Structure formats: structure tokens, C-alpha cells
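Here is the structure we will look at.
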Amino acid sequence: MAPALQTQGLVKQFGGIIATNDVTLTVEKGARHALIGPNGAGKTTVINLLTGVLRPTAGRIVLEGRDITDLEAYKRVGLGLARTFQINQLFADLTPLETIGLAVSERMQLGRQWWRLPGSKPVVIEESVDILNRFGLTDAMNERTATLPYGKQRLLEIALAIACRPNVLLLDEPAAGVPEAERHGILDAVAALPSDVTVLLIEHDMDIVFSFADRISVLVNGELFVEGTPEEVAQDPRVKAVYLGEEAHDA
Amino acid sequence: MLTILFDGIAYGMLLFVVSCGLAVTLGLMNFVNLAHGAFAMAGGYITVILVNRLGLPFLASLPLAFAFTAIIGAVFERTLYVHVYTKSHLEQVLFTIGLVFMSVAAVDYVMGSQQQFVSIPSYLQGQINFFGVGIGRYRLLIILVCGLLTVALQFALASTRFGARLRAAVDDARVARGLGINVNAVFAITFAVGSGLAGLGGALGAEILGLDPHFPLKFLIYFLIVVTVGGTSSITGPFIASLVLGIGDVAGKYYVPQFGSFVIYTIMIVVLIWRPQGLFSRAVAK
Amino acid sequence: MLRRDMMLGAAALAAIFASPATAQDTVKIGLIVPMTGQQASTGKQIDAAVKLYQQQHGTTVAGKKVEVILKDDGAVPDNTKRIAQELIVNDKVNFIAGFGVTPAALAAAPLATQAKVPLIVMAAGTSIITERSPYIARTSFTLAQSSVIIADWALKNNIKKAVTMVSDYAPGADAEKFFSDRIKAGGGEIVSAIRVPLANPDFAPFLQRAADAKPDALFIFVPSGQGGTFVRQFTERGLDKAGIKLIGPGDVTDDDLLPGMGDAVIGTVTAHMYSASHPSKMNKDYVTAFEKAYNFRPNFMSVGGYDGMHLIYEALKKTNGDTDGDKLIAAMKGMKWESPRGPISIDPDTRDIVQNIYIRKVEKVNGQLYNQEFATFEAVKDPGKTAK
Amino acid sequence: MSALASLPPKPLVATAAASLASRARWKPAEIAFWLATVASIFLLPSKHLILTEIAILGLFALSLDLILGYAGIVSLGHAAFFGFGAYAAGILAKYGIIKEPVLALLASGVLAAALGFVTSFLVLRGSDLTRLMVTLGVALVLREIANQLDITGGADGLQGVVMEPILGHFPFDMFGRTAYIYSLVTLFVLFLIARRIVNSPFGLSLRSIKGNPLRAAAIGIHVNGRLVTIYTIAAAYAGIAGALLTQSTQFASLSVLDFERSADVMLIVIIGGTGYLYGGLIGAVLFKLVQDYLANVNPQYWQFWLGLILVMMIMFGRVYGAIMAALIFAICTWTRLPFMQSIVFTLVVLAVLGIARPQILAVTSRITERAAAIQTRLRARLARKPAER
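Residue numbers (our numbering), protein chains in the order written: chain A, 1 to 251; chain B, 1 to 286; chain C, 1 to 388; chain D, 1 to 389.
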């Protein structure tokens with residue numbers, strides 16, 4: 001059985017700067033894999049490469065045995081690769097219901113239909129309401145997204161990725177910027193993700209990482225540094241020296 | 001052959017002087033000033049009045065055209081433009097097109113709808129024969145003035161205190177204010193200088209481009225082409241774009257007259273497809 | 001319900017159109033000229049001349065009050081057409097007049113036929129216009145008239161090699177064709193025929209091309225308004241010193257612009273039907289009155305408007321105030337009168353103007369530039385029609 | 001979050017379906033708008049010509065709104081498609097290729113759509129400014145081509161177009177009645193289709209692309225494909241508008257491809273407001289009526305007043321700005337101020353208003369608040385009344 005997501009020798013150069021250097025990463029099916037690293041280690045660049053926002057300078061990306069290196073971003077979504085963004089990327093003028101409904105109907109290949117009204121397919125609505133319900137967003141489903149409180153927007157961000165019904169989900173710092181009080185809502189949502197969905201979590205916050213991940217990769221200066229189980233990584237002296245040391249230094 | 005090259009350079013330089021003010025307001029202040037041509041027209045008419053009616057020498061009236069247009073620019077900036085900086089580009093387009101309409105009608109009434117000509121002194125008329133290459137004296141003057149201006153502008157923006165303040169104000173107005181920079185004054189001066197340059201361009205260009213109340217609309221497209229092709233992040237971009245367009249236009253009309261008018265548009269489309277941010281933009285990843 | 005509404009509307013409509021045109025004792029003239037845009041100076045000249053004519057000759061003719069309704073079409077033909085149609089349908093005008101550019105006149109031509117309303121062309125100068133409707137008469141000129149005459153003059157004055165340079169639109173094509181044909185028929189040669197885009201900021205490359213062809217003369221036609229820039233660049237490039245004569249129809253030395261063109265234009269020879277310095281008593285009075293009233297010099301567009309008004313007034317006198325289109329056009333055919341430009345008449349066969357074409361040279365008179373007439377070709381018909 | 005929670009309650013689904021559909025429901029104001037246009041056929045017979053022009057302009061503006069308001073593509077060369085359709089219709093009729101106007105109209109739309117499809121790839125990249133200039137360039141190049149070709153009649157325009165009766169039954173008449181009804185029917189049909197499009201899942205995806213193209217791609221939307229589609233559709237609309245103009249005026253001239261035409265339609269859409277389809281229509285009505293009024297009152301210098309309205313609308317908001325511009329115009333007209341003094345007076349007033357803008361805005365916003373308060377109170381009272389009864 002092919003792993004959910006694999007990269008081989010992934011390199012990304014911006015001009016003279018090497019942002020990602022020879023990253024070879026394997027995420028197994030159903031894994032809860034975390035990608036950690038200090039600020040500026042190139043975590044988001046990796047996500048952007050995986051999802052097709054950026055094109056790699058060298059290397060390959062394989063999704064469930066299929067080479068997707070040259071595939072456009074939207075096609076990767078169709079193959080079951082979805083993501084969230086570190087900074088909310090939502091549709092400010094749409095309501096949460098419209099937002100989720102859009103993603104659901106796109107997944108069902110209904111998005112090019114121009115003769116139908118959006119409310120007319122019961123399957124789409126039922127699934128949309130179901131997703132909104134799961135994330136506790138039904139109360140606010142008819143409000144403009146831009147007017148929602150930040151915590152709710154953050155939930156919508158994740159719900160939107162879920163609406164794509166991914167096999168592999170890339171979560172880019174899901175709890176970033178969320179006040180302490182609302183944090184558990186987000187974390188609960190992440191923890192409740194179906195177990196057959198493979199999750200690659202990019203995170204800064206060590207508490208989240210260690211409570212969630214069953215495997216951790218550490219990225220430093222664009223290179224893969226250490227990989228292993230949470231225990232192994234936590235024990236690894238090099239990680240302690242480089243990563244945790246810097247973390248302490250930052251704080 | 002060389003004469004064509006020379007004419008092309010002169011034409012390009014002229015395009016540059018008329019357009020560089022727009023490059024400054026658009027590139028540095030991020031303001032779409034479609035009324036730019038109106039300031040150029042003002043410069044042209046000021047010169048007509050100074051030279052033809054008041055009998056001032058042509059060369060002396062050039063700096064005056066710059067100064068008067070700059071003052072007009074400053075007044076408009078302080079009273080009207082300042083309110084529109086924060087509006088969307090589309091609203092800025094609407095606002096400045098409105099100003100263009102007003103200026104066209106007002107100038108038509110005050111100065112008449114027919115074309116006006118500046119009385120050029122005799123020493124600027126005719127051609128000099130330079131090793132078999134016919135060089136128009138007036139065009140030579142244009143090249144000289146524009147060359148000097150380019151150097152001066154480049155210097156002012158890159159190496160003076162004011163240039164540094166302007167760049168700071170543009171990058172982040174709030175931080176610049178915090179640093180004690182009077183952002184409003186910096187913008188006003190920049191806008192005034194941009195308008196003044198347009199006025200100077202209008203004064204110089206009246207002879208070659210013709211001057212009538214329709215000027216701001218007739219040449220609007222040319223300004224925009226120069227600025228988009230050149231990119232708005234520097235002065236050199238529009239400068240080189242002007243030269244390319246000027247030489248391309250003149251040479252195209254000389255060698256393939258039946259396709260002459262396509263040349264400038266084709267250059268623009270090709271450049272913009274190839275480099276959507278213009279020829280010489282910094283690769284800003286925003 | 002809908003049907004009843006439609007019936008009602010149709011009835012209302014019928015009532016409106018069936019009602020006799022209000023105030024039968026007013027004759028309305030719809031004057032459609034460009035008052036804004038690049039051709040605005042044409043409109044202003046014509047408007048001024050029309051107003052002057054009414055001041056001088058009163059607003060009553062054959063017992064009827066003459067009312068002029070001025071409309072701006074900005075020289076955009078679909079505007080012209082719509083405005084003409086509105087004037088005919090809503091204002092019930094008896095004449096439509098003006099028309100700054102050829103496409104505008106052509107656009108309105110079918111309306112004249114449909115509504116049987118005389119259409120007086122006061123500016124546009126392409127030959128074909130009058131053929132587009134039996135209700136069109138012209139009081140301006142055709143480019144063929146001046147182009148053929150200047151060709152005759154050139155041949156007589158030993159110009160054998162010529163370059164033509166015309167703006168790339170119908171009048172330009174007309175000018176080029178008639179001049180070239182005449183020159184070739186007379187044993188001359190056209191070494192290069194250059195078409196300049198209509199909206200053209202810089203003549204430099206085209207002039208360089210002309211200079212490189214080393215002709216005896218350069219035949220130029222650009223619409224009035226661009227002439228000044230052209231002539232200045234002509235001398236700037238030293239074509240005059242290279243012995244190339246500048247000749248053409250009179251648009252290039254338009255009286256409207258001539259005063260500001262500078263001494264560069266002195267010596268330019270053109271053929272045209274009107275010069276503000278035409279030495280007749282009538283013209284002197286006309287120019288004096290015009291300049292007094294408007295503070296600018298009348299040009300050939302203005303006499304087109306002035307004579308157009310005269311044609312309308314005289315036609316009305318002849319029909320005794322009858323505004324039937326057929327009768328009016330019949331009255332106009334063959335009409336002869338003295339205009340500020342000299343004796344003119346309307347060709348009874350083509351309804352086009354027959355007039356003297358003068359050869360003029362730009363000179364300085366009392367410190368002012370004028371087109372001084374020095375030779376006259378009398379009663380020239382439009383060669384565009386006689387050629388057929 | 002148990003398995004139970006994943007079955008949403010039925011009423012919630014119903015509300016959701018209803019609220020999704022609500023956007024597409026016909027509002028009373030919309031119905032009133034179309035009733036008014038129908039009424040204009042009967043009530044304003046003397047205005048049919050200008051109304052036809054407005055209807056055509058409205059359709060053209062609707063076309064621009066489809067790409068500007070729904071997909072966020074700015075264009076300063078939309079006349080390219082308008083002009084292409086105009087010439088296509090003219091050539092089809094003149095050379096007898098398709099004689100029946102409705103068929104020719106559709107064919108012109110298809111041809112314009114083809115042009116739109118080809119050129120759409122030029123506007124996929126780049127900033128707003130780049131898009132403005134590329135579209136402008138396309139229109140200018142087309143204009144030059146039309147100028148050079150013989151089949152288009154060059155600068156003389158395409159003359160001698162004779163239109164057959166519509167559907168073989170309704171000839172174009174001198175009063176422009178047929179042309180007006182024909183244009184209105186076309187506008188209404190195309191409006192219905194556009195309304196359907198923007199309210200469909202496809203329309204929703206366009207709005208999402210306009211709002212955030214990055215995220216739209218990240219939920220699997222083929223952004224470029226959708227943009228190409230809507231650009232092509234908009235081109236067809238513009239082409240049909242152009243074809244209507246040719247058919248109703250029976251000729252086409254280079255002015256259909258003018259820069260001014262592209263710029264005007266842009267102004268119209270911005271004045272009327274983008275992204276709700278009626279903006280283009282309302283903008284066209286206002287723009288054309290104001291322009292026609294001013295040009296009749298002041299044939300020489302009407303542009304001055306039009307410009308003033310635009311400036312004031314941006315400075316003080318659409319409504320207040322227009323009112324203030326109208327006041328200035330009224331003062332100058334009523335006092336019979338010569339135009340020279342009017343210019344000076346207007347400039348001085350402009351400067352004063354500019355300096356006092358913060359204070360004026362404070363006043364206008366207070367007025368708006370009051371008006372809103374009165375409105376809510378009225379509404380509340382209206383809502384209470386039936387209940388009391």
C-alpha cells in the first residue's frame with residue numbers, strides 16, 4: 001500500500017535563496033504527522049509546494065502513488081489533498097453556508113452548472129449543514145463571513161478544508177492567533193477529524209504537537225533534520241539543542 | 001536611418017517627460033491620476049500665454065511652466081486629491097476622469113477649441129546636418145532637457161534625504177509619521193513635482209504633439225502605455241520603456257507605414273503578456 | 001390585460017403622430033455639428049456663422065419664423081444618426097444641417113430619404129455623400145475639387161515628381177486619388193503615396209519618408225486642426241530648404257489656425273474655395289462682422305454654414321414657406337448666389353456645390369498670416385461626379 | 001461530537017435551503033423596475049430613440065458588470081467585443097449572409113464570444129493596471145484593423161446596411177418603436193440568463209474567485225477556467241449589444257471600438273454600482289439621461305458639468321455628491337452666470353468644499369443616520385399595525 005503523501009528531494013529556490021532543500025518526507029495513511037520547526041524554517045513553503053501554490057525547483061511529490069509534481073493546485077484538491085491556511089483565507093462577502101456549500105458542490109462536480117439555483121440540490125445542502133453543525137457554525141451560517149468573530153472564522157477555515165472531503169489534510173497552524181479561551185474549540189475539531197483522513201500538521205505550539213501527533217518531522221533551515229515518534233524527537237539531543245534551544249531563546 | 005533613430009529617441013524622451021509624473025504618482029503614491037494629461041495641457045497653455053501673449057523668451061518660459069503647473073498641482077492636491085488617496089483605484093479613475101472632463105471644457109472655453117502653437121525662437125528651428133545625419137534643433141533640445149531631468153530625478157529619488165523620506169512614507173505612512181516625517185507634505189510636494197513635470201512635458205511637447213483642449217484624453221493612452229510597460233517601481237523603467245516605444249513607433253511608421261499605428265499597441269500587449277508587472281519591476285511577491 | 005395596454009399605447013401613439021405639427025408657422029432647422037471632441041472647432045465655426053447669418057438676415061423668412069436647434073454629436077456617427085432621427089421625429093424639423101465629418105453625414109443620409117427632409121452638408125467633404133440621398137445638398141466643398149485644381153496648377157508650374165501624404169480616411173483617400181490621377185494624366189509621377197493615421201501625434205517618420213523620396217512637391221491633406229503641427233514639422237525637418245514645395249487642398253492652412261502657425265508656413269501653396277482674405281466687399285464685411293462678434297477668424301467651415309443658411313432661406317422664399325421636402329430640394333437645384341467666397345451655385349444634377357477654386361499662397365499681411373489668392377479656376381464642379 | 005450530531009436536524013436543512021434560494025428571489029423593486037421599462041414603451045413614445053440607446057448601453061454595462069462585479073476583472077477595452085459584434089451584425093446584414101435580425105444577433109454574439117474566448121487568456125495574469133492596459137490594447141488594435149480593412153468600410157464606417165423585418169414580421173420603423181421593443185426584449189432575456197448565471201453554483205464560484213482566488217483554487221475550483229468562461233459569456237453579451245446598435249441604426253462606424261466607449265461603460269458600471277446586475281442598467285439610465293440633458297442645455301460645455309458630477313460623487317458619496325453638483329449647476333444656470341464666471345465659481349466652491357470636507361461628511365453622515373432611524377421606526381410601525389389589527 002502506497003503511503004498517503006511522499007516527497008523526494010524537494011527543492012525550492014527563490015532567486016539565490018534556498019527555502020526548501022532536499023526534503024524527502026513520507027506520510028503514512030491515516031497518520032497524524034506533524035511538521036515542526038523554528039520560525040523561518042520553511043514550513044509554509046513546504047505546504048505551498050505540496051498543494052501546488054508554488055512549483056518546486058527540483059524533486060517530486062507523490063500523492064497515494066500518483067505523481068502530482070506538475071499538477072495544478074485545483075486538480076490536487078480533486079485527488080483528495082486539501083489544506084487550511086495559517087492566515088485565514090476566506091470569502092469575506094459569502095456566508096459560511098455559501099462557502100461550505102460551494103466547496104461541497106465543487107467536489108460533486110456541480111460547480112459549472114449555471115442554470116441551477118444553489119439551494120436546489122438537497123444532497124449539497126444536507127452535507128453542508130452537517131459540516132457546519134459539526135463545527136458549531138449553524139447559528140452564524142447566514143451571516144457575512146467578514147462579520148464573524150475570529151474564532152468562528154478559524155473554525156470555518158478548517159470546515160472548508162473538510163468540505164473538500166480530503167484523504168490528506170494539511171493543517172497550517174490551525175490555532176494561530178486564536179485566544180486561549182477559544183483554543184479548545186479548534187483543538188476539539190482537529191481531534192475529531194475522521195481517523196481515515198491522513199493529517200499533516202504544521203505547528204509551532206509544542207503542546208498541540210505532542211498531544212496530537214504520532215509522528216514528527218523537524219525542519220530547520222529548509223532541511224529535514226530529524227524524524228521519528230514524539231518520544232524519539234523529544235529525546236533527541238540535537239533537536240533539543242537546535243530547536244528547543246532556539247524556542248527558549250525566542251521566548 | 002540615423003535620423004529615424006534620433007527622431008525616435010526625441011519622441012521617446014518627450015513621452016518620458018510627459019509620463020514620468022504619472023509614474024511617480026502611480027508608482028510611489030499608488031494613485032491612479034488619469035488627469036495627468038490635464039496638467040500637461042496646463043503647462044502647454046501656460047507657455048502659449050507666456051510666449052505668445054506676454055512675449056517672454058521660450059527658454060525662460062519652460063521653468064515657469066514647470067513652476068505654475070506645480071503650484072496648480074499643489075493646490076489641487078491639498079484641496080481635492082488628498083481626500084481620494086485612500087479610495088479604490090476604480091473610484092480614483094472616476095474622480096480623475098471627472099477632472100479631465102472639467103479641464104477639457106474649461107480650456108475649450110477660455111482658450112478656444114482650435115490648436116495653439118508656441119512661437120519657437122528661430123535658433124531652435126530647422127535642422128543641423130551632423131555628418132550627413134539631419135538633427136532637428138528642437139528635438140535636440142528635448143533630448144538635452146529630458147536627459148538632464150532623468151539624471152536629476154534619479155538622483156533626487158535615490159540619493160537625497162527627500163527621496164528617502166518619500167520612500168519611507170510610501171512603504172508605510174504610519175511608521176513614517178512615527179519617525180517624524182511630515183507625510184502629508186511629502187505627498188503634496190511629490191504630487192506638485194509630478195504635475196510640474198507634466199507641465200514641462202506639455203510645454204515642450206506642444207510643438208510636436210499639438211496642443212488643443214482635447215490633449216488630456218488624446219494622450220492619456222500614451223501615458224498609461226509608458227507607465228505600464230515600464231513598470232512603476234522605478235524611474236528607469238518608464239524611461240527605457242519610453243525610448244523603446246518612441247523608437248519603435250517612429251521606426252514602425254517609417255518602414256512599414258501601413259502597420260505604423262499597430263506598433264505601439266503591439267509592443268505593449270507583448271510586453272505585458274511577457275512581464276505583467278512591466279519591463280523593469282522588482283519581483284515583489286505580495 | 002396586456003392586449004388592452006398595447007391597444008391603449010398604440011392609440012396614444014397614433015394620437016401623438018396624427019396631431020398636426022404644432023406651430024405650422026415655424027420652420028425648424030436641426031443643426032448637428034461636433035461641439036465637443038477633436039472636431040469641436042468645426043462645430044464652433046459653423047455655429048457662429050449660422051448665428052451671424054440669422055443676426056444679419058433676421059429670423060423670419062416667407063412669413064415664417066426660422067428656429068435653429070443646435071445639437072452636439074461629438075462627431076460620433078451613431079450619435080449623429082440618433083440625434084437626426086430625434087430631431088425629425090420629435091422636433092419635426094424641416095431641415096437637418098451641419099455634419100462635421102463624412103461618416104456622420106453618411107449615417108444620417110438614409111433618414112433624409114425616409115423622412116423626405118432636406119439635409120444640408122455644411123462641412124464634410126467626401127464626394128459620395130450627395131449621392132446617398134436625393135434630399136442632400138452641399139454648401140461646403142469636395143476634396144476632389146481642390147485636389148484636381150492643385151494638380152493642374154502643379155503641372156503648369158513644372159512639378160513632375162510629387163509625394164502624396166494624406167490622413168487615412170475617406171476624404172484623405174479622395175484627395176489622394178484625384179490628385180494622383182490628375183498628375184499622372186498630365187505626365188507627372190507620384191513617387192510615394194503615404195497614408196498617415198487619422199489620430200497621429202508625430203509626423204516625423206512620415207516626413208522623413210517624404211524627404212527621402214526627393215520629390216518636387218509634397219501634396220498634403222490632413223483634416224483642419226492638424227495642419228499647424230504638420231507645417232511646422234515640415235520646415236523643422238528642412239524640407240522647404242531642400243526645395244520641396246508644399247501644396248495641397250486648403251485644409252492644411254486653415255484660416256482658423258493660420259494666425260498661430262508661425263512664419264514657417266509662409267509660401268505654402270494651396271487650392272481652396274475660401275480664404276478670409278478673399279478680396280470682395282462682401283467678404284470683407286463678413287470677416288469684419290464675424291471677428292467683431294466672436295473674436296476669431298472665420299474659416300472655410302464657417303462659410304459652409306453661412307451659405308447653408310442662405311440656401312435654406314432662399315429655398316423657403318422660392319417655395320413661399322412651403323416645407324415640403326421635394327419642393328425645397330427642387331428649389332435648391334440650380335440656385336446661384338454671391339457668397340463671401342465668391343459666386344457659387346448648386347449643381348441641378350448632383351445637388352453638389354459649384355464654386356471657384358482659388359490658388360493661394362500664405363503671406364504676411366499687416367503682420368498677420370493670410371492665404372493670398374493669386375489664381376482662380378472658375379465654376380468648378382465636383383470632379384468626383386463628372387469623372388463618372 | 002458524536003455520530004448523532006452528524007445528522008443535522010431537518011428544519012435546519014430547510015432554513016438553509018431557503019436562505020440559499022432567497023438571494024435569487026424576485027424583489028418588489030426589481031419587478032417595479034421592469035414594469036417601468038414596459039410602461040416606457042407606451043408612455044414615452046417620443047423618447048424611444050434615446051431609450052433604445054440606453055437599453056443597448058445597459059446591456060453593454062451588464063456585460064461589463066459580469067466580469068467586473070462578479071469576477072473582478074477590470075477592463076478598459078470592453079468596446080472590443082461591442083464593436084466586434086456591431087461590425088459582425090453589419091456585415092452579416094449588408095452582404096446578406098444572415099438576413100433575419102434575431103439570427104444575425106445570435107450569430108454576432110457567438111462571434112464576439114469566440115473573440116472573447118481567445119483574448120481571455122490575456123487577462124488571466126497580472127494586476128488590475130496590467131489588465132486595464134491589455135484590454136485597452138486589444139480594443140485599439142481591433143479598431144486599427146477595422147480602420148484598415150475594406151469589408152468594414154474603414155474610417156467611413158459600414159454604410160448601406162439594410163435590415164429585414166424582425167422574424168419576418170416587424171420592420172424597423174422611423175420612430176424607433178420596433179427597435180426599442182426589440183432591444184428591450186433582448187435586454188430582458190439576456191438579463192434573465194445573467195441573473196440565473198450569477199445566482200447559480202457557477203456564479204457563487206465566481207464570487208469566491210473575486211473574493212479570494214487563492215482559496216478558491218484550494219477548494220478545487222479551476223480559477224482560470226471559470227474566468228475564461230465568464231469572460232467569454234460577457235464578450236457574447238457585449239457583442240449582442242453592439243449588434244443591436246448596428247441593427248437599430250443600420251450602420252456601424254469606427255466609434256463602436258473607441259476608447260471613449262470602453263471608458264464610458266466603465267464609468268456607468270461604477271456609478272451604478274458593481275455586482276448586482278442592476279448597477280449597469282441604472283448607471284446607463286442615469287448617465288445617458290444626465291448627459292443628454294446637459295448636452296441639450298449646454299451643447300458646447302456639457303462635459304464640464306458631467307465632470308463636476310463625477311468629482312463630487314467620489315468626494316462626498318454618490319447621492320450627496322450628485323445633489324451638491326446639481327446645486328452648483330443650478331446656481332450657475334438660474335443666475336445666468338456666463339460660462340467663464342461659472343468655471344471660476346465652480347472651482348472656488350470645489351476648493352472650499354474640499355477643505356471643509358471633514359465637516360461636510362460629518363453633516364451628511366448625521367443626515368444618513370437620521371434617515372435610517374426614521375426608516376427603521378416606520379418599518380417597525382408598519383410591522384406592528386397588522387398585528388394590532
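Cβ atoms here follow ideal geometry from the backbone N, Cα and C, with glycine treated the same way.
These figures come from a predicted structure and were not determined experimentally.
Interface flag, residue i vs chain D, CB-CB below 9 Å
i, result
"Ser19 of chain B", "no"
"Pro118 of chain A", "yes"
"Tyr265 of chain B", "yes"
"Glu131 of chain C", "no"
Beta-carbon contacts of residue i that lie in its chain and below 8 Å, excluding the five residues immediately before and after
i, result
"Met168 of chain D", "For the sequence presented, residue 168 of chain D should be read as Gly rather than Met. Answer for Gly168 of chain D: Glu100, listed in chain order."
"Val231 of chain C", "Leu246, Val252, Thr253, Met261, Ala264, Val265, Thr268"
"Asp288 of chain B", "Because chain B is modelled from 1 through 286, residue 288 of chain B falls outside the range shown and cannot be assessed."
"Val61 of chain C", "Val27, Tyr313, Leu316, Lys317, Gly321"
"Leu142 of chain D", "Ala80, Gly83, Phe84, Leu257"
Cβ neighbours of residue i in the same chain (closer than 6 Å, five flanking residues each side left out)
i, result
"Ala23 of chain C", "Below a pLDDT of 50, predicted positions are generally treated as unreliable, and Ala23 of chain C, at 49, falls in that range; the measurement from the model is reported next regardless. Cβ neighbours of Ala23 of chain C beyond the five flanking positions: none."
"Leu132 of chain D", "Val74, Leu76"
"Leu153 of chain B", "Ile235"
Alpha-carbon to alpha-carbon, residue j and residue i
i, j, result
"Gly180 of chain B", "Leu157 of chain B", "19 Å"
"Ala21 of chain C", "Thr323 of chain C", "Caution is warranted here: a pLDDT of 44 is assigned to Ala21 of chain C, below 50, making its placement in the model unreliable, and no coordinate value can be reported."
"Leu79 of chain A", "Ala80 of chain D", "39 Å"
"Tyr282 of chain D", "Gly37 of chain C", "Looking at the sequence provided, one finds Ile at residue 282 of chain D rather than Tyr. Rounded to the nearest angstrom, the two C-alpha atoms are 26 Å apart."
"Leu294 of chain D", "Gln341 of chain D", "18 Å"
"Leu64 of chain B", "Ile72 of chain B", "12 Å"
"Ile181 of chain D", "Gly12 of chain B", "51 Å"
"Val33 of chain C", "Val101 of chain C", "9 Å"
Below-9 Å beta-carbon distance, residue i vs any chain A residue
i, result
"Phe202 of chain D", "yes"
Neighbour flag for residue i against chain C, beta carbons, 9 Å
i, result
"Thr333 of chain D", "no"
"Val224 of chain D", "The amino acid occupying residue 224 of chain D in the given sequence is Asn; Val does not appear at that position. So no, Asn224 of chain D is outside the interface."
"Gly134 of chain B", "yes"
Close-in-space but distant-in-sequence residues of the same chain around residue i (CB under 7 Å, 5 per side omitted)
i, result
"Val170 of chain B", "Leu28, Met29"
"Ala175 of chain C", "Leu143, Ser147, Val166, Phe221, Pro249"
"Leu70 of chain C", "Leu31, Asp47"
"Val93 of chain B", "Val32, Leu34"
Interface flag, residue i vs chain B, CB-CB below 9 Å
i, result
"Thr178 of chain D", "no"
Residue i Cβ short of 8 Å to the ligand HEM heavy atom set
i, result
"Glu100 of chain D", "Ligands are entirely absent from the displayed structure, and the ligand HEM is therefore not among its contents."
For this session: Spell out a yes or no on whether the stretch 98-115 of chain B and the stretch 224-234 of chain B are touching, meaning 3 or more CB-CB pairs, one atom from each, closer than 8 Å.
Result: The stretch 98-115 of chain B, when compared against the stretch 224-234 of chain B, does not touch it at the 8 Å Cβ threshold.
Exercise. Can you list, in chain order, the residues of the stretch 268-287 of chain D whose Cβ is nearer than 8 Å to any Cβ on chain A?
Worked result: Within the stretch 268-287 of chain D, no residue qualifies.
For this session: Count the C-beta pairs between the stretch 54-63 of chain D and the stretch 249-268 of chain D that are closer than 8 Å, then say yes if the count reaches three, no if not.
Result: Yes: the two stretches touch, three or more of their Cβ pairs being nearer than 8 Å.
Exercise. Taking contact to mean at least 3 C-beta pairs separated by less than 8 Å, is the stretch 292-304 of chain C in contact with the stretch 112-129 of chain C?
Worked result: These segments touch.
Exercise. Between the stretch 118-131 of chain B and chain C, which residues of the former have a C-beta closer than 8 Å to a C-beta of the latter?
Worked result: Listed by position, the residues of the stretch 118-131 of chain B near chain C (Cβ gap below 8 Å) are Ser119, Ile120, Gln125, Gly126, Gln127.
Exercise. Do the stretch 176-196 of chain D and the stretch 131-142 of chain C touch if we need at least three Cβ pairs shorter than 8 Å?
Worked result: Here the stretch 176-196 of chain D does not lie against the stretch 131-142 of chain C, with fewer than 3 beta-carbon pairs under 8 Å apart.
Problem set entry | Interfacial residues, the stretch 214-234 of chain B to chain C, with Cβ spacing under 9 Å | So the list reads His214, Leu217, Lys218, Phe219, Tyr222, given in the order they occur along the chain.
For this session: Would you list, in chain order, the members of the stretch 89-108 of chain B that have their beta-carbon closer than 9 Å to a beta-carbon of chain D?
Result: From the stretch 89-108 of chain B, only His89, Leu90, Glu91, Gln92, Val93, Leu94, Phe95, Thr96, Ile97, Gly98, Leu99, Val100, Phe101, Met102, Ser103, Val104, Ala105, Ala106, Asp108 have a Cβ closer than 9 Å to chain D.
Exercise. Of all the residues that make up the stretch 17-47 of chain B, which are near chain D by a beta-carbon distance shorter than 7 Å?
Worked result: When C-beta distances to chain D are compared with 7 Å, every residue of the stretch 17-47 of chain B stays at or above that value.
For this session: Flag this pair as touching only if the stretch 152-159 of chain A and the stretch 178-198 of chain A have three or more C-beta atom pairs under 8 Å; answer yes or no.
Result: Yes, the stretch 152-159 of chain A touches the stretch 178-198 of chain A.
For this session: Compile a chain-ordered list of the residues in the stretch 76-110 of chain C whose CB is closer than 7 Å to at least one CB of chain D.
Result: Result list: Val76, Pro77, Asp78, Lys81, Arg82, Gln85, Glu86, Val89, Asn90, Thr102, Pro103, Leu106, Ala107, Pro110.
Exercise. Per the contact definition of three or more C-beta pairs closer than 8 Å, is the stretch 223-238 of chain C in contact with the stretch 201-219 of chain B?
Worked result: Because the criterion of three Cβ pairs below 8 Å is met, the stretch 201-219 of chain B and the stretch 223-238 of chain C touch.
Exercise. Mind listing which residues of the stretch 355-387 of chain D have their C-beta closer than 8 Å to chain B's C-betas, in chain order?
Worked result: Against chain B - using a Cβ distance shorter than 8 Å - the residues of the stretch 355-387 of chain D are Ile355, Arg357.
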